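Chains as they are written, first to last, in UniProt numbering: chain H, 1 to 590; chain V, 1 to 590.
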């Protein structure tokens, strides 16, 4: 059973990502180190004792659709209620709407724990938080007054309605339409698919944020508007009243996260017979500027999905380690007892476990650094705010893609460590392998993240932001060197080499874009992103190990540097020199 | 739907692995190139048209246990009957017992196709073939006369009963016991788990090969004997008669291959009330020499499981390619049409597809080279036979582990190429991801394969065999160079570098073993195996591309060499230098 690694999380927040320093600098006046510890401890308790025990029934029974209503698995509605009552939904949401207003880092840390305990449970609040974000930044005061308190408390949940059958990664192809009504509201028509928590029985109302086109909208992405469409129309007191014309037509039969209802939503098909057809919606932001509003929530959602990757990796690591400590097979050098040795003593099993642990810690470090940057961008102003926003922008696709790939790889290794028991569903390792696989896909596939990193993030500040970031990471190399601890082995050398690879590949990408060779950059985007993450991850582990000076952290850093970071050389080649052979071979695919 | 890549398979058999040369040299007098083509074509037809359409119902309904009897999914029993009637079971089984006596390469090629169509179907015959192998080499003539014709025709199926709850990778811990009866038979008692096709309704009888200990047997692996235990005891005419005291107590609820019944088998628990307790068994080979007999069948079964890896990778590749050609999203440089481009035109999707295709071809090449070596060992005699047997021994763990890892990775990429549709079970991509995951586990985990490669295969012929193999692979580099085709890009250089890495790591491993530093070798075994496979795979693709001189094969070889083979540098470091940091970090795991 999952036990929240509260110390590891606090360490990554404080010593790697910089929360401690920010608190000491007075950036979060309401926050103290003790409070951070208390919150993380209590979140860990809730995740381990309340959420985790319901993961299995969620996987086995799943969400069930009947007559356009989704019933959640037994015990889940009550779990959600207890979770809301604990104040977890509003942890890092704005105080003026009833939240606790804590830095996003803490919200993200708690997210990790909910998602380690159950990804199917943990994904729901991510959507609500995204909706709060979008409404807070772009909605009218009237809408804010009705919806934000309910969404912040968790009394209602939010959804994001982007995808349509013909419009997935390419939102330009979106067809859902909106018509202006006389009263200033809109009527929404169309079909949306893959809507996470589009329908459920957790809350009395569900607040859908929906992308659609006005009749006179320009084609493409510049003609998309964002609308708020509640399942029930609130009356003047904000109490859910008439049923709106939005219904769940089906839910997907998925590989994993079975308790997360993935809905096909039909807007304006006239199911609500007592009304004119069309789902009643309210405009968020300006007409035809919906994509910009949606991107607000998408950035945070992407980091949150990255946390799902960290979370499932952590859960898989814990499960595999516990099994390896328990299960006995064969003889091992380090075993003095008479009988068989715990398999954790076999070097090959150790390699799997350390690979799992090191990848998990690296992904966590990058994700928390990204959250920290977002917090700093809010806490600062002017140039500093812009700097930190660029940092958050830069790290978001890396955190999302790398951490979710790590989630899949670590969950797969976790099955492997279990041997035959891993393939049996009862063990739970297989469920993590199934759950993990969604995260590289949703909230922008990892291919899209890589393209975003290369095409939109590397050019920030004329290309200087990322170069400055790499220079900062070189300080970690110096810190490792300066520590003069022989236990680091060749860590400093390896991090430095990885950063050299990263800088060279970064300059290659920037030059390719500047020279109009976008296809070359696109061809290398995925290996580039992985290279970025391995180099940054190595530097982060070095930073943490220097700060901690604990034998365990130094050893894990060294393992990462000497066993995993070495990939960067090949990744650099692939990123910078792979395009020609790719284009040549791709001729046969068409 | 799966369509057998008959041309690719024939090409790998003939031009990469050496079947054409062996036929031309007269080693297989009954075989011609035309016959090979005809057999592959017909197997491909059967796999695509008969097996593949039943894969889904197999996955959805699975095998069902009731009252100790397993019912296979609807249509499967009839499918098996048609498959047997087609003569497929005996394809490469001995003619003297009714088989067609064709080289094992053809049997393995057909196996690939059954398993691409359905891994749950394809695993069954692998066990039967293993049983035939063990009986043919080790059983008495009397047993052969009763059992081999039935097993070769497929009228009965075979199983391998090794694993017990406490004895998985470590067979020394095995407890099942055998008692001598007065009539020369034995009585078997004990529980076996994870018995593939341990119970089903395909055939009138099931022939279990069971490892157990005699009362006076030495402890450990030198006290294990192999027994034949039929489900029904044949009468004097070989007709199944009395029910033997072996029963299926439960079947596992697994991640995938749902139609393959994974059984807990109970021997001698007195279920057969009309008899003395104990399952009636016959000794195979000598008492206490059972493990040696079992290894006979295990080697071939390991290659066969490797073929499952190739097979599931091929199926995933085909499915993803078809989807990418169909699905349209966004704009792409190579698309002249008005609307959205097929996603196969996006470089990042191309990278995924080419990675899938190149890994699949490399794994296939290695596996068929392994099968060829086994055939050559049988066709030759004396030193040549020993040489080829060592080659088969060397390549077996590589083929098993690399190909099954490739199966998982390619199936995972296949889900990714499908985007959100990949996570929905209806698409079938997720089922391949689930099925693929068993192959790195069973028939000896991939960790065990790596240990086998390093500890038992590298020392063959005083270490010279593997060095000679690497020297042979260097001829492929020369052939690529000598072709003078600019389309190869830097392929020759990259293969040569990979082989340098392989040779250096090989000599490191041999030296470590010679110096008594076994733990260092064990710590690097898994990266060493991957390095071995990437280097050998690159050389094989080069060999094939030179032989074919087709633009497509040259381009895929180049893609593999310039994008995937570059990993060998980091793998060499990990294999040769990773042990110290691994041991240091592993202290925290215990």
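Glycine included, C-beta positions come from ideal geometry on N, C-alpha and C. Bear in mind the structure is a predicted one, so any value in this text is a computation, not a measurement.
> In terms of residues, what are the limits of the alpha helix (DSSP H) holding residue 491/H?
Replying inline: 491-514
> On the three-state DSSP scale, how would you describe residue 439/V?
Replying inline: Coil at residue 439/V, not helix or strand.
>> Check whether the segment 228-241 of chain H and the segment 281-296 of chain H are in contact - that is, three or more C-beta pairs closer than 8 Å.
In response: yes
>> For residue 436/H and residue 402/H, which I take to be in contact (beta-carbon distance under 8 Å), what is that distance rounded to the nearest angstrom?
In response: Between residue 402/H and residue 436/H the Cβ distance is about 14 Å, and since that is not below 8 Å, they are no contact.
> Residues in its own chain within less than 7 Å of residue 505/V by CB, not counting five upstream and five downstream?
Replying inline: 528, 531, 572, 575 and 576
> Roughly how many whole angstroms lie between the Cα atoms of residue 60/H and residue 258/H?
Replying inline: 7 Å
>> Less than 7 Å between the beta carbons of residue 265/V and residue 319/V, yes or no?
In response: no
>> For the beta strand (DSSP E) containing residue 192/V, name the first residue and the last one.
In response: 186-196
> From the DSSP output, which residues share a beta bridge with residue 377/H?
Replying inline: Per DSSP, none; premise fails for residue 377/H.
> How should residue 560/H be labelled, buried or exposed, when 16 other C-beta atoms within 10 angstroms of its C-beta is the threshold for buried?
Replying inline: buried
>> Output needed in chain order: residues of the segment 438-454 of chain H with a Cβ under 9 Å from some Cβ in chain V.
In response: 438, 440, 441, 442, 445, 446, 447, 448, 450 and 451
>> In this structure, how does DSSP classify residue 164/H when only helix, strand and coil are distinguished?
In response: Strand at residue 164/H.
> By how many angstroms is the C-alpha of residue 90/V removed from the C-alpha of residue 100/V?
Replying inline: Spanning the alpha carbons of residue 100/V and residue 90/V requires a straight line of approximately 6 Å.
> Is there a Cβ from chain H that is less than 7 Å from the Cβ of residue 329/V?
Replying inline: Closer than 7 Å to some Cβ of chain H, the Cβ of residue 329/V qualifies, so yes.
> Between residue 369/V and residue 16/V, which are expected to be in contact by the criterion C-beta below 8 Å, what is the C-beta distance as a whole number of angstroms?
Replying inline: 7 Å
> What are the partner residues of residue 157/H, as DSSP defines its beta bridges?
Replying inline: 206/H
> Of all the residues that make up the segment 545-572 of chain V, which are near chain H by a beta-carbon distance shorter than 7 Å?
Replying inline: 552, 555, 556, 558, 559, 562, 563, 566, 567, 569 and 570
> If you scan the segment 330-362 of chain V from start to end, which runs of the alpha helix (DSSP H) of 4 or more residues do you find wholly inside it?
Replying inline: none
>> Give me the chain V residues within the contact set of residue 577/H, using Cβ-Cβ distance strictly less than 7 Å, ordered along the chain.
In response: 562
>> Could you compute how far the alpha carbon of residue 292/H sits from the alpha carbon of residue 224/H?
In response: 9 Å
> Quick one, are the C-beta atoms of residue 116/V and residue 315/V less than 7 Å apart?
Replying inline: yes
> Along chain H, which residues have their Cβ under 7 Å away from the Cβ of residue 574/V?
Replying inline: 563 and 566
> Quick one: is residue 425/V near chain H, going by C-beta distance under 7 Å?
Replying inline: yes
> How close, in whole Å, do the beta carbons of residue 312/H and residue 411/H come, if the pair is a contact with beta carbons under 8 Å?
Replying inline: 6 Å
> Since residue 593/V is in the alpha helix (DSSP H), which residue starts that stretch and which ends it?
Replying inline: Nothing can be reported for residue 593/V: it is not among the residues displayed for chain V, which extend from 1 to 590.
> Which same chain residues, not among the five before or five after residue 329/V, have their C-beta less than 6 Å away from its C-beta?
Replying inline: 340 and 343
> From which residue to which residue does the beta strand (DSSP E) around residue 66/V run?
Replying inline: 64-66
> For residue 82/H, which option in 14/H, 35/H, 153/H and 200/H has the closest C-alpha, if you only look at C-alpha atoms?
Replying inline: 153/H
> Going by alpha carbons, who is nearest to residue 418/H out of 446/V, 416/V and 548/V?
Replying inline: 446/V
>> Is residue 86/V a contact residue of the ligand MN, with contact defined as CB to any heavy atom under 6 Å?
In response: Inclusion of the ligand MN in the displayed structure is not the case, the ligand content being empty and no account of it being possible.
> Roughly how many whole angstroms lie between the Cα atoms of residue 555/H and residue 56/H?
Replying inline: The alpha-carbon atoms of residue 555/H and residue 56/H are separated by roughly 34 Å.
>> If I follow the unbroken beta strand (DSSP E) through residue 241/V, where does it start and stop?
In response: 240-243
> Mapping DSSP to helix, strand and coil, what is residue 421/V?
Replying inline: helix
> From residue 32/V to residue 42/V, what does the alpha carbon distance come to, in whole angstroms?
Replying inline: If you take the alpha carbons of residue 32/V and residue 42/V, they lie about 15 Å apart.
> So, does the CB of residue 351/V fall closer than 7 Å to a CB anywhere in chain H?
Replying inline: The C-beta of residue 351/V comes closer than 7 Å to at least one C-beta of chain H.
> Taking 7 Å as the CB-CB cut-off, is residue 476/H touching chain V?
Replying inline: no
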